[in-house]
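**Student:**
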Amino acid sequence: MKKIAGRLTIITLVTMFVGCGVFFAAKEGRWNALDPDNELSTFNPSIDGYVESGVGWIGDKPTLYALPSSKLILIRFDTGDFPDSVAASYLKLKVNTQPPNDADLAIHRIIQSWDATISYSLADDPVAFYNGSSVATAKIPASIPVGEDVLITLTGIYSGDKANLGNGLIVSSSATVQFDSSESGQGPVLLIEPD
Numbered sequence: 181m182k183k184i185a186g187r188l189t190i191i192t193l194v195t196m197f198v199g200c201g202v203f204f205a206a207k208e209g210r211w212n213a214l215d216p217d218n219e220l221s222t223f224n225p226s227i228d229g230y231v232e233s234g235v236g237w238i239g240d241k242p243t244l245y246a247l248p249s250s251k252l253i254l255i256r257f258d259t260g261d262f263p264d265s266v267a268a269s270y271l272k273l274k275v276n277t278q279p280p281n282d283a284d285l286a287i288h289r290i291i292q293s294w295d296a297t298i299s300y301s302l303a304d305d306p307v308a309f310y311n312g313s314s315v316a317t318a319k320i321p322a323s324i325p326v327g328e329d330v331l332i333t334l335t336g337i338y339s340g341d342k343a344n345l346g347n348g349l350i351v352s353s354s355a356t357v358q359f360d361s362s363e364s365g366q367g368p369v370l371l372i373e374p375d
């Protein structure tokens, strides 16, 4: 009798745990960007490149450059397949070359439409071109290995109604940094969680 009661207790506990998802969590709602099995939607850029002081737009190159006071990375995504409202977003960049010094990245949402005729002076305008009052940051150590992915949380600057996200992102740096562009086949990737 004690064996039957013990087995019934075990069966009851196992049934309760399985029923409430303690051991087997449903895949729906897995939004951790570091989880390889996450359910975030991924988007490749519709255009990426950089704008250089005195030169202008440079696209169709395998490397994206950001240099203090001279080069800014611009990335735009086709928002047509975005969810109507974005709850969270993350930008993944692949390191192309180790920076000579630790670099602090600043990422802003672009608020003005742009094309391949953009000048550096316009791109560098925190009022007319991008939202300078809202920034996402990341630190790139000089010791980072080539080929390493950098994941940057953008939720504070790149979320909400998809109609406001179509102009893309601008990336500046406190030191020279180089990332793979979409031309390299390993360019930026945007990860999005729907609202």
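Whatever position you read off the sequence shown (first residue = 1), add 180 for my numbering.
Heads up, the beta-carbon is just placed ideally off N, CA and C, and yes, glycines get one too.
(1) Could you give the first and the last residue of the continuous beta strand (DSSP E) run that contains Ser-265?
(2) Drop a sphere of 10 angstroms on the beta-carbon of Val-369, count the other beta-carbons inside from all chains shown, and report buried for 16 or more, exposed for fewer.
(3) Should Ser-269 go down as buried or exposed, given a rule of 16 or more other Cβ atoms within 10 Å for buried?
(4) For Ala-322, name the three-state secondary structure that DSSP assigns.
(5) Which word fits Asp-228, buried or exposed, when buried means at least 16 other C-beta atoms lie within 10 angstroms of its C-beta?
(6) Which of the three DSSP states is assigned to Gly-346 in this structure?
(7) So what's Thr-335 in DSSP terms, helix, strand or just coil?
(8) At 3 residues or longer, what runs of the beta strand (DSSP E) sit wholly inside the segment 222-307?
(9) Mind checking whether Ile-255 and Pro-279 have CB atoms under 7 Å apart?
(10) To the nearest angstrom, how far is it from the Cα of Ser-352 to the Cα of Lys-319?
(11) Could you spell out the range, first to last residue, of the beta strand (DSSP E) harbouring Asp-375?
(12) Report the three-state DSSP secondary structure of Ser-364 (helix, strand or coil).
(13) From this set, Ser-354, Ile-238, Gly-312 and Lys-342, which residue's C-alpha is nearest Thr-297's C-alpha?
(14) Apart from the five residues on each side of it in sequence, which residues of its chain come closer than 6 Å, Cβ to Cβ, to Asp-329?
(15) On the premise that Asp-284 lies in contact with Thr-317, defined as a C-beta separation below 8 Å, what is that separation, rounded to the nearest angstrom?
(16) Using the Cα positions of Ser-361 and Thr-222, report the straight-line distance between them to the nearest angstrom.
(17) Whole angstroms is fine: what's the gap from Ser-250's alpha carbon to Ala-286's?
(18) Going by DSSP, what residues sit across from Thr-317 in a beta bridge?
(19) For Lys-241, does the count of other Cβ atoms within 10 angstroms reach 16, so buried, or fall short, so exposed?
**Tutor:** On the basis of the supplied data:
(1) 265-277
(2) buried
(3) buried
(4) coil
(5) buried
(6) coil
(7) coil
(8) 227-232, 236-239, 243-246, 251-256, 265-277 and 283-289
(9) no
(10) 12 Å
(11) Looking at the DSSP string, Asp-375 is not in any beta strand (DSSP E), and its letter there is neither H nor E.
(12) helix
(13) Ile-238
(14) Lys-272 and Lys-274
(15) 6 Å
(16) 16 Å
(17) 14 Å
(18) Ala-286
(19) exposed
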